[in-house]
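Student: Going by this note's numbering, the sequence shown opens with residue 832, and the numbers climb by one from there. We put the beta carbon where it would ideally sit given N, CA and C, even for glycine. Quick one: the structure is below, and I'll ask about it shortly.
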Amino acid sequence: MLGKLTRIALLGGLVLLGSTVLAASAYAQTTAYGTANFTAIYSLNNMANGNGDLGVDATPPVKDSGPDEIGGGTFLFHAAASKFGVKSSMDSDMGKITAVVEVDAAGRPGGSAIGSDSSAPAIRLRHAYGTVGNLLLGRTWGGLATDFSWFPTTIDPAGPYGASVVFTDPRMAQVRYTMPLGDNKFVISAEANCGIRSILCGENASTLPRLVPAFYMNLGMAKVQVVAAMTSIRVNEARIGADLDGSGETKDDITGSGTAFGVNAAIGVGAGTIKIHFLTGGGGWQQNAAFLGAPWYMEADSAGKVTGIKFNTLTDMTLSYSHKLDDKSNVNVTYGSITAGDDVADSGGTASGANSIHLNYRWNVAPSVIMGVEYATKTMTYEPSGDTGTTSALVFGTDFNF
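So this is what it looks like as C-alpha cells:
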C-alpha cells in the first residue's frame, strides 16, 4: 500500500491513511508508526512497594522482610510501553538511505531502563540512527540483540530474566557494518561502552568502544546467531585523585578487558518455534543489572594492593516455545535465568542468580489490535544469606498498533 501511495505522490505531498501519515516525494517517503499500549498487572503475592518497576517485580523482596513487601491483591495500571516513531527512506547510488527516530514513555531521568529507580516514567529515546547501504550510525539495538527471531514473547514489560541484552543493555550509540553473505550475513559493530547512563565507565574510568562481531546463519527452518562482545577499560589514577594501592607511590593506569560469547537460535517445529538465547562471560553487557553486581571492579591481592581490573561474569539464558493456534492467536511459554559468577560479591552484587517463568495467550481481536493475558513468576536468590524472594502476577496487555 505504501508503494502505491508513493507513486501517486511523486510530486510531493501529505497522504493520510487511517492513523498512518505518509509524506512522499520523488526522493523519499516518511512514515509515522507506533503503539498505544495499556498494561495492567495484578500481583498475586510479594511485590515490592515503590521500586519503580513497570513490569512484574524484577527484585522481589524476601517474604516477611519488612514494610517494602505489599503482598498480593494490588493492581498497577500504566501506558508507559506506548511508543511513537518516524522513519524516512530513499534510494541512492550508495544503497538505501534511512533515518529513524523512536521514543516511548518507559524512561527514567537520564534515560535509564524500566525499573532502574523509583522516579515517574518519562520520555525515553529508543532509537535515533541512520543507514547508508550496509553502514549504520546512531543509537539502536546493540550487536548482541540485532536479530530478534530468538526473542521470547512476553506481555510483562520487564520481560524474563535471561534476556539482559534487551532489558538491561538494550540500545546504544554505535557504528555498525553488515556484510551480506548470500542467505547469511556477518555484522560487526563498535559500540559506546558506557551507554547513556555511563554505568560501565563511571567518573573514574574510560573505555574503548565495545567490539561486537556476529555471524548470522539462515539454515532453512532454523536461524542461528553466533556473537561475541569484547570490552577494554582503563582507570586513571589522576581522575581518582589518589594512588590505587594506598602506598603513596605514583601508579600507572590500571587496565582490564572482558569477553562474552553467545548463541541465539530460532527453530521451526510444525506450528511452533523453539527459541534459544545463551550468553556468558564478562563483556560488560549487563550494564543495568545492578543486583548482580557492577560490570567491572578493581581486583586486589591479599595485602589490599590493586592489581588490575576484573570483569564480572554472568550467564544469561532463555528457552521459550511459541505455538500458533490459528491465524489470530498463539500461546507462549518462556523460562529465563541469569546466574552470577564467583565475583558477584566483589563487584557489589546482592544476588547470585534469578529465574522466571512466563506463560501467556495472545490474540488479534481486530486489525492492528493485539490483546494478551499472562501468568509470570520470578525468583531471586540473595547473597550472602542465600534467602530467596519470589513474586508472581497476572499481566494483561493491549497494543493498538498503527
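Taking just the CA atoms, how far does Ala1171 sit from Leu885?
Tutor: Stepping through the sequence shown from its first residue, residue 885 is reached at position 54. Stepping through the sequence shown from its first residue, residue 1171 is reached at position 340. Those two C-alpha atoms are separated by around 24 Å.
Student: Using three-state DSSP, classify Ser923 as helix, strand or coil.
Tutor: Position 92 of the sequence shown, counted from the start, is the residue given in the question as residue 923. Three-state result, Ser923: coil.
Student: Let me check understanding here. Comparing Cα to Cα, which of Asn1195, Leu1050, Gly916 and Thr870 lies closest to Leu907?
Tutor: If you number the sequence shown from 1, residue 907 lands on position 76. Cα-wise, what sits closest to Leu907 is Thr870.
Student: Among residues of its own chain, excluding the 5 on either side of Val1164, which ones have a beta-carbon nearer than 6 Å to its beta-carbon?
Tutor: By one-based count along the sequence shown, residue 1164 stands at place 333. Correct list, in chain order: Tyr1152 and Leu1190.
Student: Distance, Cα to Cα, Asp935 vs Ile954?
Tutor: To locate residue 935, count along the sequence shown from 1; it is residue 104. To locate residue 954, count along the sequence shown from 1; it is residue 123. One C-alpha to the other measures close to 6 Å.
Student: Sort out for me which residues DSSP pairs Ser1187 with in a bridge.
Tutor: Stepping through the sequence shown from its first residue, residue 1187 is reached at position 356. BP columns for Ser1187 point to Gly1167 and Lys1209.
Student: Output needed for Asp1230: all residues of its chain with C-beta closer than 6 Å, excluding positions within five of it in sequence on either side, in chain order.
Tutor: By 1-based counting over the sequence shown, the position of residue 1230 is 399. Once the five neighbours on either side are set aside, the close Cβ partners of Asp1230 are Thr866, Asn868 and Ile1201.
Student: To which residues of the same chain is Asn1015 closer than 8 Å at the C-beta, ignoring the five residues directly before and after it?
Tutor: Position 184 of the sequence shown, counting from 1, holds the residue named residue 1015. So the list reads Phe1046, Tyr1047, Met1048 and Asn1049, once near-sequence residues are dropped.
Student: Have a look at the DSSP bridge pairing and note the partners of Ile1098.
Tutor: Position 267 of the sequence shown, counting from 1, holds the residue named residue 1098. Paired residues: Ala1053 and Ile1105.
Student: What do you get for Asp987, buried or exposed, if any count of 16 or more other CB atoms within 10 angstroms of its CB means buried?
Tutor: Sequence index remark: in the sequence shown, residue 987 carries index 156 (1-based). Asp987 should be labelled buried.
Student: Mapping the DSSP letters down to three states, classify Gly1180 as helix, strand or coil.
Tutor: Taking the first residue of the sequence shown as 1, we reach residue 1180 at position 349. Reduced to three states, the DSSP call for Gly1180 is coil.
Student: Please classify Ala1110 as buried or exposed, where buried requires at least 16 other C-beta atoms within 10 Å of its C-beta.
Tutor: For the purposes of this step, residue 1110 is taken as residue 279 along the sequence shown, with counting starting at 1. One detail in the question is off: residue 1110 reads as Leu in this sequence, not Ala. When all chains shown are included, Leu1110 counts as buried.
Student: Spatial neighbours of Val1094 within its chain, please: CB distance less than 6 Å, with the 5 preceding and 5 following residues excluded, ordered by chain position.
Tutor: Numbered from 1 along the sequence shown, position 263 holds the residue referred to as residue 1094. Val1057 and Phe1109.
Student: Are Ala994 and Ser919 close, meaning C-beta to C-beta below 7 Å?
Tutor: On the sequence shown, position 163 is the one that residue 994 refers to. On the sequence shown, position 88 is the one that residue 919 refers to. Result no, Cβ atoms of Ala994 and Ser919 do not sit closer than 7 Å.
Student: Would you call the region 1211-1222 and the region 1180-1198 in contact, with 3 or more CB pairs under 8 Å?
Tutor: With the cut-off at 8 Å, the region 1211-1222 and the region 1180-1198 touch.
Student: Check whether the Cβ atoms of Ala959 and Gly969 sit closer than 7 Å, and answer yes or no.
Tutor: Residue 959 sits at position 128 when you count from the first residue of the sequence shown. Residue 969 sits at position 138 when you count from the first residue of the sequence shown. Yes, the Cβ-Cβ distance between Ala959 and Gly969 is below 7 Å.
Student: Could you give the DSSP three-state label for Gly1087: helix, strand or coil?
Tutor: Position 256 of the sequence shown, counted from the start, is the residue given in the question as residue 1087. Gly1087 falls in the strand class under three-state DSSP.
Student: To the nearest angstrom, report how far apart Val1043 and Thr1062 are at their CA atoms.
Tutor: The residue labelled residue 1043 in the question sits at position 212 within the sequence shown. The residue labelled residue 1062 in the question sits at position 231 within the sequence shown. In a straight line, the C-alpha of Val1043 is about 9 Å away from that of Thr1062.
Student: If you draw a straight line from the alpha carbon of Gly1220 to that of Ala989, how long is it in whole angstroms?
Tutor: The residue labelled residue 1220 in the question sits at position 389 within the sequence shown. The residue labelled residue 989 in the question sits at position 158 within the sequence shown. Going by the C-alpha atoms only, they are around 17 Å apart.
Student: Would you tell me roughly how many angstroms separate the C-alpha atoms of Ser980 and Asp888, rounded to the nearest one?
Tutor: Taking the first residue of the sequence shown as position 1, residue 980 is located at position 149. Taking the first residue of the sequence shown as position 1, residue 888 is located at position 57. Answer to the nearest angstrom: the Cα atoms are 26 Å apart.
Student: Since Lys787 and Ala1102 should fall inside the 8 Å C-beta cutoff, what is the C-beta to C-beta distance between them, to a whole number of angstroms?
Tutor: There is simply no residue 787 to check, as the chain begins at 832 and stops at 1233 in what is shown.
Student: Can you tell me where the beta strand (DSSP E) with Gly1220 in it begins and where it stops?
Tutor: By 1-based counting over the sequence shown, the position of residue 1220 is 389. Taken as a continuous stretch (DSSP letters only), the beta strand (DSSP E) holding Gly1220 covers Thr1219 to Asn1232.
Student: Are the beta-carbon atoms of Tyr873 and Leu1225 separated by less than 7 Å?
Tutor: Indexing the sequence shown from 1 puts residue 873 at position 42. Indexing the sequence shown from 1 puts residue 1225 at position 394. Going by C-beta atoms, Tyr873 is nearer than 7 Å to Leu1225.
Student: Using 10 angstroms around the beta-carbon of Lys927, count the other beta-carbons present and answer buried if the total reaches 16, otherwise exposed.
Tutor: Stepping through the sequence shown from its first residue, residue 927 is reached at position 96. Its Cβ having fewer than 16 others within 10 Å, Lys927 is exposed.
Student: Looking only at its chain, what residues have a beta carbon closer than 6 Å to the beta carbon of Ile1098, apart from the 5 residues adjacent to it on each side?
Tutor: Here residue 1098 refers to the residue found at position 267 of the sequence shown. Ala1053 and Ile1105, listed in sequence order.
Student: Taking the C-alpha atoms as reference points, what is the distance between Thr1144 and Glu1130?
Tutor: Within the sequence shown, residue 1144 is the residue found at index 313, counting from 1. Within the sequence shown, residue 1130 is the residue found at index 299, counting from 1. Each residue's Cα considered, the two are about 14 Å apart.
Student: So what does DSSP say about Gly964, is it helix, strand or coil?
Tutor: Indexing the sequence shown from 1 puts residue 964 at position 133. Gly964 falls in the coil class under three-state DSSP.
Student: Which partner residues of Gly1127 appear in the DSSP bridge assignment?
Tutor: The count along the sequence shown starts at 1 and reaches residue 1127 at position 296. According to the sequence as given, residue 1127 is Trp; it is not Gly. Per DSSP, Phe1142.
Student: Pop quiz: Gly1113 and Thr1090 are said to be a contact at Cβ under 8 Å. What is the actual Cβ separation, rounded to whole angstroms?
Tutor: On the sequence shown, position 282 is the one that residue 1113 refers to. On the sequence shown, position 259 is the one that residue 1090 refers to. About 7 Å; that satisfies the 8 Å criterion.
Student: Please check the pair Ala1023 and Pro1040, which I expect to be a contact at CB under 8 Å, by giving their CB distance rounded to whole angstroms.
Tutor: Taking the sequence shown and counting its residues from 1, one reaches residue 1023 at position 192. Taking the sequence shown and counting its residues from 1, one reaches residue 1040 at position 209. The Cβ separation is near 7 Å, so the contact holds.
Student: What are the residues that DSSP puts in a beta bridge with Pro1044?
Tutor: Reading the sequence shown from its first residue, position 213 is the one you call residue 1044. Answer is Ile1019, bridged to Pro1044.
Student: Cα separation between Asp1132 and Asp1147?
Tutor: Looking up residue 1132 in the sequence shown gives position 301. Looking up residue 1147 in the sequence shown gives position 316. If you take the alpha carbons of Asp1132 and Asp1147, they lie about 29 Å apart.
Student: For Ile1087 and Val997, what's the separation of their Cα atoms in angstroms?
Tutor: By 1-based counting over the sequence shown, the position of residue 1087 is 256. By 1-based counting over the sequence shown, the position of residue 997 is 166. The sequence given here places Gly at residue 1087; Ile does not occur at that position. Rounded to whole angstroms, Gly1087 to Val997 spans 25 Å at the Cα level.
Student: Does the distance from the CB of Asn965 to the CB of Ser1223 come in under 7 Å?
Tutor: Here residue 965 refers to the residue found at position 134 when the sequence shown is read from its first residue. Here residue 1223 refers to the residue found at position 392 when the sequence shown is read from its first residue. No, the pair does not count as a contact, with Cβ atoms beyond the cut-off.
Student: Helix, strand or coil for Phe982, going by three-state DSSP, please let me know.
Tutor: Working through the sequence shown from its first residue, we reach residue 982 at position 151. DSSP places Phe982 in coil when its eight states are reduced to three.
Student: Within 10 angstroms of the Cβ of Met925, are there 16 or more other Cβ atoms? Answer buried if so, exposed if not.
Tutor: Within the sequence shown, numbered from 1, the residue matching residue 925 stands at position 94. Flag for Met925 reads exposed.
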